[in-house]
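Below: one structure, written as structure tokens.
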Amino acid sequence: MMSKILIIPLLFILVCLGWWANRHFDYPYPAPTNIATEKTESTDFAGLLFGMRRIFADVNWIQTLQYYGGGGFEDLISKEEYDRYANDPKRKGDYGRYKYLLDMCLRSVRIDPYFKYVYAFGGASLAWNLTRYDEGLELLNEGMKNNPQEYAFHLYAAAIIYSKQGKFENVIENLEKALKEPDCPFEIKNILGNIYKKQGKYEKAAKIWVDIYLTQRIEGRRERAKNNLIKLITEKKISPDYLDNIE
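When the letters of the sequence shown are read in order and numbered with this note's numbering, they come out as residues 345 to 591.
If you want it as structure tokens, here you go:
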């Protein structure tokens, strides 16, 4: 009988502790109701239920890379449909290829907000490869909100803003700072290498191509970096010695 009496205050204490924890604990992940995007699938919620956010975020990211690595022609729309949205205030960037790239990136980081590579790669791809500056900034802003100490995100965002304003010297300055980060993504390196090449800074471009060749695991990227070096050598822009660095 005494044990039954003791259970009541213990239950009361547990309820109070639960209420206090709920009021004061800052849960590190968004609520399941806040992860939905246009490309969210029902299976995404399984990762939340079973506590496997990172695994499901990785799977979603692989699907995103497969989508972005394709032709993107399934997303193209007619000129008539494009013109219909010309004055739409909600319109961001250009409709056309890879129009779901932002949603697919958001899909991964809403499941795992600390998946930092998605913000960096996706933001750079949207801003510079697809010239959708606002979408790139939207993704990076979410990254800065979830990872406020990630200094590189602030550099990428500043570079995008400068690109949008046509201040390319500031763009280069910020990308060069980002290049020094140990986890600088391929897209940032590739963009800066192409900028150097356009500006006639062939030696700097060559050093980036060498770095990409030596650090990338994806064979296609390594081959493109090597071909860039060969082209510069053929055009007598750089010394053939650069090829020795990748042999």
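C-beta atoms are modelled at their ideal positions from N, C-alpha and C, and glycine is treated no differently.
- By a beta-carbon distance limit of 8 Å, residue 450 does not contact residue 470. Their separation comes to about 11 Å.
- Just measuring C-alpha positions, the residue of 447, 404 and 443 sitting nearest residue 419 is 443.
- Between residue 556 and the set 480, 567 and 403, the nearest pair of CA atoms involves 567.
- Contact holds between the segment 515 to 535 and the segment 460 to 479, because three or more Cβ pairs, one in each stretch, are under 8 Å apart.
- Excluding residues up to 5 positions away in sequence, 573, 576, 582 and 586 lie with their Cβ nearer than 7 Å to the Cβ of residue 550 in the same chain.
- Here DSSP, grouped into helix, strand and coil, assigns residue 524 to coil.
- Taking a cut-off of 8 Å for Cβ pairs, the segment 491 to 501 and the segment 535 to 553 do not touch, as fewer than three such pairs fall below it.
- About 7 Å separates the Cβ atoms of residue 404 and residue 455, confirming a contact at the 8 Å cut-off.
- Counting along the chain, no alpha helix (DSSP H) covers residue 580, and no H or E run does either.
- Between residue 448 and residue 477, the CB-CB gap reaches or exceeds 8 Å.
- If you keep only unbroken alpha helix (DSSP H) runs of at least 4 residues inside the segment 524 to 571, you get 530 to 542 and 546 to 559.
- For residue 479, the uninterrupted alpha helix (DSSP H) run begins and ends at 477 to 490, by DSSP.
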